[in-house]
């Protein structure tokens, strides 16, 4: 049965529920979740989270909401993500200039608010960077707009350019 993608659409329904689900889940899995529009040619209505929830699986919807939440939080200058890739916890951090270090509320590991890396008491951010060249690789991955794998036990960097949304962690 065909149905409207969103209440704002002004056209007749064009896709069945299953096709729409596959289309939306494919977009979300491919990382195209920021501004999901109605798939009808010529319709530019943006789907709300409520619209998306009507069509995708609960698992995909949770991942979608997590990304939307992370995007909203990432605009807050006090928001930081734990440097430990196996943790992945994010939180709002209030630090003093005299002590730029903060402890993750989940894993309790120390991070630096300024350089967003592992806590390095007794060293400046510059000194710490020189002593740990792996951090440069992580920073390069960030600059290339790589994302971490969303699986909690993986969190490796992913740089998807094209192709299907499927990925197998090794």
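Numbering (my numbering), first residue to last: 153 to 322. Just so it is clear, CB atoms sit at the ideal spot from N, CA and C, and this is done for glycine as well. Please read these numbers as outputs of a predicted model, since none were measured by experiment.
Are the CB atoms of residue 301 and residue 311 nearer to each other than 8 Å?
-> no
Comparing the C-beta of residue 170 with each C-beta of chain D, is any distance below 8 Å?
-> Protein chains in the displayed structure number just one, and chain D is not present.
Determine, using beta carbons only, whether residue 197 and residue 189 come nearer to each other than 8 Å.
-> yes
Excluding the five sequence neighbours on either side, which residues of its own chain have a C-beta within less than 8 Å of the C-beta of residue 216, listed in chain order?
-> 180, 185, 201, 204, 208
How long is the line joining the alpha carbons of residue 262 and residue 182, rounded to whole angstroms?
-> 33 Å
Name the DSSP bridge partner or partners of residue 251?
-> 248
Just tell me which of 163, 192, 272, 281 has its CA closest to the CA of residue 171.
-> It is 192 whose Cα lies nearest to the Cα of residue 171.
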